[in-house]
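What follows is a short report on a single structure.
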Amino acid sequence: MPPNSRSAARHHRAATEATGAPRERAPVVVIGAGPYGLATAARLSAARVPLRIFGEPMEGWHTHMPKGMYLKSVPAASSISAPQPGYGLADFRAAEGKAPVGDLYPIPIEEFIGYGRWFQERRVPELERSMVHGVRAVDGGFGITLDSGEEFLASAVVVSTGLVPFAHEPTQLRRLTATGLTSHTCEHRDLTGFAGQRVAVLGAGQSALESAALLYEAGARPTVVARAPAVVFGDPPQTDRPGTRSRSVRLRKPGSALGPGWSLLAVSRGAAAYRHLPTSVRLRLLHTVLGPSGAWWLRERVDGRFPMLCGRTVHSAVPEDGTVRLELADPGGGIEPLRVDHLLVATGYRVDVDRLGFLEPTLRQAVRTFGGAPRLSAGFESSVPGLYFTGLAAAPTFGPVLRFVCGTGFAARQTAAAVSAGIR
895 MPPNSRSAAR HHRAATEATG APRERAPVVV IGAGPYGLAT AARLSAARVP LRIFGEPMEG
955 WHTHMPKGMY LKSVPAASSI SAPQPGYGLA DFRAAEGKAP VGDLYPIPIE EFIGYGRWFQ
1015 ERRVPELERS MVHGVRAVDG GFGITLDSGE EFLASAVVVS TGLVPFAHEP TQLRRLTATG
1075 LTSHTCEHRD LTGFAGQRVA VLGAGQSALE SAALLYEAGA RPTVVARAPA VVFGDPPQTD
1135 RPGTRSRSVR LRKPGSALGP GWSLLAVSRG AAAYRHLPTS VRLRLLHTVL GPSGAWWLRE
1195 RVDGRFPMLC GRTVHSAVPE DGTVRLELAD PGGGIEPLRV DHLLVATGYR VDVDRLGFLE
1255 PTLRQAVRTF GGAPRLSAGF ESSVPGLYFT GLAAAPTFGP VLRFVCGTGF AARQTAAAVS
1315 AGIR
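Take 895 as the starting number for the sequence shown in this note's numbering and just add one per residue.
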């Protein structure tokens, strides 16, 4: 904030204290309008907390996920949390005149984007479609600068920027970035531009396998390169409605928002307790519970359609005559060559506060981290009072459920309660 603005703010506080008039509270700012940002804003608004939320609704899903994609989560676990009933995915489908669906229905991304925008219009109409350019610490609060040039004070900031800032690319591939011969899956809204090209897809998770399927269906020639010894797919639900499973099956594998099984039940309902596990255990579980795999409905679009080289790691990747020459290390210690026109990286996301460029450097440095992720309180507050992180940025603290839409309930309730208490 410019010096004259700080002076004016101090003058206003002094005048208010002298007259005894009530001061208008600076708003809470929510950065991001995906499921986690919208859920948090809806809770804060219901609690009558002064609020400004910025971003394009569902922008990360619209711009950084490929057309033709389906959600891995089942419909029952794909609703954005709201403070009152009536705003779930089923309510949206009913409003659109669509029939109810169960666990055997894969959700098209276009439907989920439409649902998120419907939710925003009804629960978060105050959304401002501007971008936050800068956040800095100012007088016990925060100075906010928008891309329009507007500056104002905030009493608290909730960072809900989603996946894209944390896209992970292996270090040995970064020299290829400038050539345009490699890219991350989040950089592509439409994969049809790769028609006729040889594309190596690096990874073994849902993003890698679905991207490879979409490439194949668009006329490209994909090859999946996976470090895992084999590609794994989930099992299809036994019934369309979890409650119709037999009692013995439910006792052996209880249902949860993340799927059937005691471990999934524990991490989906035990996010508050997860925070108290040793750091090494939390990070290991984050990557092993619901580890890399494809959805059950994806198998038939993958099996036998294109090569899948499992148990391989990238030994080297160099540009050569407008293509990428890969050398892959196989399980026996040999080197296998592979030449492609493009290398598509589907190696996921790694939280790193330093990659959030809108946070002013000294503010970023004040945030205590572990492995790049912010250390958060039970209320999602960082070591900087009034600065909160939710969504994927909170997953290293609270567990795998924060990687999915079903985590919006726990995250929004905890964050909104902590913010409301903190600004009183």
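Virtual Cβ for every residue (Gly too), placed ideally from N, Cα, C.
Quick one: residues in its chain with C-beta nearer than 6 Å to the C-beta of alanine 1151, no 5 flanking neighbours on either side, listed in chain order?
Ala971, Ser1162 and Cys1300
Looking at C-alpha atoms only, which residue of Ala1166, Leu1220 and His956 is the closest neighbour of leucine 1296?
Ala1166
From the DSSP output, read off the bridge partner residues of proline 1116.
Val1093
Measure the Cβ-Cβ separation of threonine 934 and serine 1077 and say whether it is below 8 Å.
no
Once DSSP output is grouped into helix, strand and coil, what is the label at serine 1077?
strand
Express the C-alpha separation of arginine 937 and arginine 946 in angstroms, rounding to a whole number.
13 Å
Beta-carbon gap between leucine 1250 and arginine 1258 smaller than 8 Å:
yes
Decide if serine 1142 is buried, meaning its Cβ has at least 16 other Cβ atoms within 10 Å, or exposed.
exposed
Based on Cα-Cα distance, which residue from Gly982, Glu1221 and Thr957 lies nearest to proline 969?
Gly982
Just checking, does the region 1027–1046 make contact with the region 1226–1235 on the three C-beta pairs under 8 Å criterion?
no
Backbone secondary structure at valine 1032 - three-state DSSP:
strand
Which of helix, strand or coil DSSP assigns to isoleucine 1007:
helix
Would you mind sorting arginine 1206 into buried or exposed? The rule is 16 or more other CB atoms within 10 Å of its CB.
buried
So, for alanine 915: in the same chain, excluding its five sequence neighbours on each side, which residues have a beta-carbon less than 6 Å away from its beta-carbon?
Caution applies to alanine 915, whose pLDDT of 36 falls short of 50 and renders its modelled position unreliable; the model cannot decide the point.
Does the structure place the region 940–954 close enough to the region 1017–1025 that three or more beta carbon pairs sit under 8 Å?
yes
Using alpha carbons as the reference points, say which of Phe1274, Gly1113, Ser1277 and Leu1286 lies closest to tyrosine 1243.
Leu1286
Count the other C-beta atoms from every protein chain shown that fall within 10 angstroms of the C-beta of aspartate 1129, then say buried if there are 16 or more, exposed otherwise.
exposed
Going by DSSP, what residue range makes up the beta strand (DSSP E) through alanine 940?
No beta strand (DSSP E) contains alanine 940, which is instead part of the alpha helix (DSSP H) from 929–940.
How about leucine 1103 and valine 1118: do their beta carbons lie closer than 8 Å?
yes
With a CB to CB cut of under 7 Å and the five nearest residues on each side skipped, what residues in its chain are close to leucine 1192?
Leu1103, Glu1104, Ala1107 and Phe1127
For the region 1160–1214, list the beta strand (DSSP E) runs that are entirely contained and at least 3 residues long, ordered along the chain.
1202–1204 and 1207–1214
Evaluate contact between the region 1080–1093 and the region 1163–1182, counting only Cβ atoms and requiring at least three cross-stretch pairs below 8 Å.
no
Mapping the DSSP letters down to three states, classify histidine 1236 as helix, strand or coil.
strand
Which partner residues of isoleucine 1317 appear in the DSSP bridge assignment?
None, per the DSSP bridge assignment.
Checking the sheet assignment: what are the DSSP bridge partners for tyrosine 1282?
Val1052 and Glu1275
In the structure shown, what three-state DSSP assignment does valine 1218 receive?
strand
Inter-residue Cα distance where the pair is valine 1318 and leucine 1047
Checking the sequence shown, residue 1318 turns out to be arginine, not valine. One C-alpha to the other measures close to 16 Å.
Output yes or no for whether 8 Å exceeds the beta carbon distance between threonine 1241 and leucine 1096.
yes
Residue environment, lysine 992, which counts as buried when at least 16 other CB atoms sit within 10 Å
exposed
Can you check which of these residues, Leu1085, Ala1120, Val1239 and Leu1220, is closest to leucine 1203 by C-alpha distance?
Ala1120
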